[in-house]
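Residue numbers (this note's numbering): 6 to 139.
Notes follow the structure.
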């Protein structure tokens, strides 16, 4: 279901293009969840969360990747979840811009690669700028 939201986008302040999408799905081993996504049609900003139908106690899961098929293991991340890859010193913590998603281990690794690509482009773009003088 999609609804128009009568509020400006928190990123671009466009007051016309903010949409709220909801989708209810049964996720194997996790139960029924509602995926809620706010999306700005003007700038592409997106905020997603997964809300369980029934209250659940916080849990922690650890997966040691020992065979290639572990890359296909399902990952369900809510906005309150922390994802850590200690071997690579990588972590995603809950925060204001945190998003929820359903993916697999390979997809989680790709998300880290995508963020590192953005950081690298930003560093390269700002490397040749003159320093600001105080």
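The beta carbon of each residue, even a glycine, is placed where N, CA and C say it ideally should be.
Excluding sequence positions up to five away, which residues of its chain have a Cβ less than 7 Å from the Cβ of residue i?
i: residue 12; result: 23
i: residue 82; result: 88, 105, 106
i: residue 35; result: 81
My assumption, with CB atoms under 8 Å, is that residue i sits in contact with residue j. Please give the rounded CB distance.
i: residue 77; j: residue 111; result: 7 Å
i: residue 19; j: residue 48; result: 7 Å
i: residue 6; j: residue 27; result: 5 Å
i: residue 43; j: residue 10; result: 7 Å
i: residue 72; j: residue 113; result: With 8 Å as the limit, residue 72 and residue 113 do not qualify as a contact, their Cβ atoms being about 17 Å apart.
So, for residue i: in the same chain, excluding its five sequence neighbours on each side, which residues have a beta-carbon less than 6 Å away from its beta-carbon?
i: residue 37; result: 31, 58
i: residue 100; result: none
Classify residue i: buried if its beta carbon has 16 or more other beta carbons within 10 angstroms, exposed otherwise.
i: residue 45; result: buried
i: residue 14; result: buried
Quick one: what's got a C-beta closer than 8 Å to residue i's C-beta in the same chain, skipping five residues either side?
i: residue 98; result: 87
i: residue 68; result: 75, 78, 110
Item to complete: Tell me, please, whether the stretch 42-57 touches the stretch 100-118 by the rule of three or more beta-carbon pairs shorter than 8 Å.
Response: yes
Worksheet entry | 4 or more residues per run - each alpha helix (DSSP H) lying fully within the stretch 78-134 | 110-132
Worksheet entry | Uninterrupted alpha helix (DSSP H) stretches inside the stretch 25-57 (no shorter than 4 residues) | none
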